[in-house]
Every structure is written in structure tokens, then in C-alpha cells.
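Below is one structure, written out as C-alpha cells, with a few remarks after it.
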Amino acid sequence: MKRYELFSVIGILLVIFSATYINLGISLRRSRDNQRKSDLRSIANGLVGFQADYAFFPYATTDKITACVEDDFDPKTLTKDDQIPFVDCEWGVDAIRDILDLAYPAYQDRLPRDPKANEGSEYLYISNGRRFQLFAYLEGGSDDIEYKPEVEARQLMCGNRICNFGAAFSSTPLDKTLEEYENELKRLEEQ
Numbered sequence: 002m003k004r005y006e007l008f009s010v011i012g013i014l015l016v017i018f019s020a021t022y023i024n025l026g027i028s029l030r031r032s033r034d035n036q037r038k039s040d041l042r043s044i045a046n047g048l049v050g051f052q053a054d055y056a057f058f059p060y061a062t063t064d065k066i067t068a069c070v071e072d073d074f075d076p077k078t079l080t081k082d083d084q085i086p087f088v089d090c091e092w093g094v095d096a097i098r099d100i101l102d103l104a105y106p107a108y109q110d111r112l113p114r115d116p117k118a119n120e121g122s123e124y125l126y127i128s129n130g131r132r133f134q135l136f137a138y139l140e141g142g143s144d145d146i147e148y149k150p151e152v153e154a155r156q157l158m159c160g161n162r163i164c165n166f167g168a169a170f171s172s173t174p175l176d177k178t179l180e181e182y183e184n185e186l187k188r189l190e191e192q
């Protein structure tokens, strides 16, 4: 084999390896983004189940769902007038469940965790008890068909990244705060 033929073969192999590497990266990114979309839809379904039983959605005091209790919580110690001492649920660890009846099926067996949580990416939950919004960061950005520029424009942080995808209860919009939306609804009712 002549020298230029060897360089040609090496060049062709480099092009093939480069294309394979790039396509593999794109496939892995799409897989993570699809997982995020599926996670948010699953969480939303669990929250709707919770709301059907309790007549409210779990509140959010930080970016997390506030519907869990401490490990040492004993429901038998509650009196009729006590409020349940809810704490923030941890993504990837806790379940959303009826904490007074652990035999009742969980609304969400284990809250999913962002596939890149180890790199600082997280889901964001916002709720006032009447409505909720869930957000995630899609790595594909505007290349993804479900990318939401109106979510990105809000500059909400999904961990260390700006959220650009979301899910919400019923017709709750993602481009405004829950307070803004409820104020709009009140104005419409008054007209």
C-alpha cells in the first residue's frame, strides 16, 4: 500500500469515527431530553391524583414539591387540629404519597431526578395549592419541537441552567407566574 493510500484510509476512518461520535452525542442528548419530558408528565399526573384526593396541590416553598415528611414522622401523634408537617421532597429519592395511610398507592413512587443532576441540572416546581407549574431544561434547546421560548424568557433556573420546557395543571400558562394568571382570571370574572 502506498503512502497516500494509507493517508486516505486513515482520513476516511477519521471522518467515519467523527460522524459516529457526533451522532452518538446527539442521540444521548435526545434520550435525556425525552426522559425529562416523560418525567414532567409523570410528575404532573401524580400531582393531579394528589389534588383529586386532597383538593389542593402540594405547595412549593423552594423549587421542590412540599409533600413529604421527616423519616421519624408518626401520624399517630397528630391530633385532629394539627397540620401535617410537610417538608420538601428530594428529587430522585422521595415519593408523593398519602403519609397518613402508607398502604394507599403512591401518587408518584419516586420523584424522578434530572438525568444530569450530577452536573447541577434540576427540575423546578412552582405551586400555590390551586395550580402548579413544572419546568426542566432541554439540552436540545430551540432544536427540540417542545422547546418553549416563553419559558426561557422567564429566566427561571432549573438548577444551574435556564428552564426552557414545562408542564402545568390544566390551562395554566407557562409564560407567566401563577399570581399573574390568577389576577387575569379575576379581572375577567369582574367584567
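To get this note's numbering, take the position in the sequence shown, counting from 1, and add 1. C-beta atoms are modelled at their ideal positions from N, C-alpha and C, and glycine is treated no differently.
### Query
Taking the DSSP output, what are the residues bridged to Gln109?
Ile97
### Query
Out of Glu181, Glu147, Ala61, which has the shortest C-alpha to C-alpha gap to Ser206?
Past the edges of the chain, shown from 2 to 192, lies residue 206, and the structure says nothing about it.
### Task
Check the DSSP bridge columns for Phe133 and list the partner residues they point to.
Ser128
### Query
Rounded to the nearest angstrom, how far is the Cβ of Lys63 from that of Asp95, given a contact under 8 Å?
It should be pointed out that residue 63 corresponds to Thr in this sequence rather than to Lys. With a Cβ gap of about 14 Å, Thr63 and Asp95 do not count as contacting.
### Task
Grab me the residues of Ala107's own chain with a C-beta within less than 7 Å of its C-beta, minus the 5 sequence neighbours each way, in chain order.
Ala96, Ile97, Arg98
### Query
Over what stretch of residues does the beta strand (DSSP E) that includes Phe58 continue unbroken?
Note, Phe58: premise wrong, no beta strand (DSSP E); not H, not E.
### Query
Do you know how far the Cα of Arg31 is from the Cα of Gly193?
Since the first residue of the chain shown is 2 and the last is 192, residue 193 is not available in this structure.
### Task
Compare the C-alpha of Tyr126 against each of Leu157, Ile100, Pro150, Ala104 and name the closest.
Leu157
### Message
Report the CB separation of Arg132 from Phe170 in whole angstroms; it is logged as a contact under 8 Å.
### Response
5 Å
### Query
My guess is that Gly130 and Leu112 are in contact by the Cβ rule of under 8 Å, so how many angstroms apart are they, rounded?
18 Å between Cβ atoms; not a contact.
### Query
Can you tell which of Leu48, Pro150, Val16, Gln36 has its C-alpha closest to the C-alpha of Gln134?
Leu48
### Message
Classify Pro76: buried if its beta carbon has 16 or more other beta carbons within 10 angstroms, exposed otherwise.
### Response
exposed
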